[in-house]
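Let me begin by presenting the structure, written as structure tokens, before commenting on it.
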Amino acid sequence: PFRDLEDFGILGQELNWYYRDLARAKAFYSQKLGLKLVTETEASVTFEIAGDSRLVLHDLSKSSYDGSEPKSVALALLTTDLDTWYAHLQAENIPIKYTLKKNPTGPHDGFVAVDPEGYLLEFETFHQHPENERLIPELEKLSPQKTSLGADFSFLGSITWLYYEDMLPAQQFMEENLGLVLSADQGWAKIYRLSSNSYIGLVDGLRGMNSFTEKKMVDLKIVLQDPQGWERYIQSTSTDSTRVSGSFKDSGLYTFYFN
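Note that the working numbering has the sequence shown beginning at 468, numbered continuously upward.
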């Protein structure tokens with residue numbers, strides 16, 4: 468019988484990024500962005516973005532990556548404090564790749580900053596708009612989580628933007644293999660809700676900020692209530708002979724771990 472990821476209890480998402488200088492990256496996210504540090508080991512630092520959405524920074528030298536892989540990913544930080552974040556990042560001289568764009572009648576506003584080793588951070592606010600008919604009620608149920616910078620510097624959750632050569636198989640994978648539901652259709656980008664505070668965004672690699680690449684210095688983890696059950700289900704349904712236990716790859720060759 469067909470089972471959805473949700474049947475195994477989705478408890479949250481972790482986005483895994485890899486750094487040559489982990490201490491510098493940790494300082495950036497804890498001091499400049501004020502994210503709450505959850506756990507720390509010699510090889511990794513876990514931050515809470517909001518609720519069940521987390522960002523995990525890893526020491527590149529202790530990983531399976533060699534550092535030459537492209538960073539085919541972007542992280543959207545959902546916030547209602549766009550102006551304060553923008554002023555703060557400018558005051559801190561954090562590189563801005565795309566300046567703050569505002570369109571009162573458009574579906575969303577935002578800007579894009581660059582972290583210490585080149586990963587892209589999109590600060591984004593969504594508005595009432597036909598495109599966001601499903602998304603806005605979901606976001607309105609979330610309470611802003613303030614960072615250590617104060618109440619005017621909060622986040623609601625995140626979208627992990629992933630980049631694809633071919634959008635249709637990517638959508639089919641999310642909907643048919645994982646059972647995720649489309650929260651917003653932006654044309655060349657599709658947003659799926661994964662957990663309370665985390666979304667996965669599929670982007671056409673010919674149109675987005677990044678391109679599709681076969682190798683990439685990023686992977687994701689889905690925290691499940693019953694990972695063993697999901698593993699058994701994948702074993703019985705997956706046709707991927709290279710699949711490693713406790714993980715799967717999607718149509719764009721992104722690796723998703725689960726535990």
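Idealized CB from N, CA, C, for every residue including glycine. Values in this document were obtained by computation on a predicted structure and should not be read as measured data.
The Cβ atoms of Ala580 and Ile563 sit closer than 8 Å to each other.
A contact between stretches requires three or more CB pairs, one per stretch, nearer than 8 Å, and the stretch 685-694 meets this requirement with the stretch 477-491. Per DSSP, Asp619 lies in no alpha helix (DSSP H) segment; the continuous beta strand (DSSP E) that holds it begins and ends at 617-622.
Of the candidates Gln653, Ser625, Asp717, the residue whose Cα lies closest to the Cα of His596 is Gln653.
Counting other Cβ atoms within 10 Å of its Cβ, Arg660 reaches 16 or more and is therefore classed as buried. With a cutoff of 8 Å on beta-carbon distance, His575 and Phe620 are scored as not near each other.
At the C-beta level, Ile658 and Leu616 stay beyond 8 Å of one another. Shown here, Leu489 sits in a helix according to DSSP, grouped into three states. Apart from sequence neighbours up to five positions away, the residues of its chain that approach Thr566 with a beta-carbon distance below 8 Å are Phe578, ordered along the chain.
Straight-line spacing of the CA atoms in Ala494 and Ser714 works out to 30 Å. Around the beta carbon of Leu673, fewer than 16 other beta carbons lie within 10 angstroms, which makes this residue exposed. In the structure shown, the three-state DSSP call for Ser497 is helix. Counting along the chain, Gln612 sits inside no alpha helix (DSSP H); it lies in the beta strand (DSSP E) bounded by residues 612-614.
The straight-line gap separating the alpha-carbon atoms of Ala637 and Trp628 is approximately 12 Å.
The stretch 479-565 is shown to contain whole beta strand (DSSP E) runs of 3 or more residues at 503-507, 511-517, 520-526, 540-545, in chain order.
Comparing alpha carbon positions, the residue from Asn644, Leu524, Asn664, Lys568 closest to Thr706 is Asn644.
Leu687 is bridged by DSSP to Leu482, Phe723. C-alpha of Tyr724 to C-alpha of Tyr485: approximately 15 Å in a straight line. Sequence-distant partners of Asp519 (beyond 5 residues in either direction) whose C-beta falls short of 8 Å from its own C-beta, in its chain, are Leu478, Gly479, Gln480, Ser662, Ser663, Asn664, Ser665, Val690. When the beta-carbon positions are compared, Thr547 and Leu609 stay at least 8 Å from each other. For Leu522 and Tyr496, the gap between their C-alpha atoms comes out near 10 Å. The alpha-carbon separation between Asp526 and Thr709 amounts to approximately 25 Å. Under the criterion of beta carbons closer than 8 Å, Glu536 and Lys683 qualify as touching, at roughly 6 Å.
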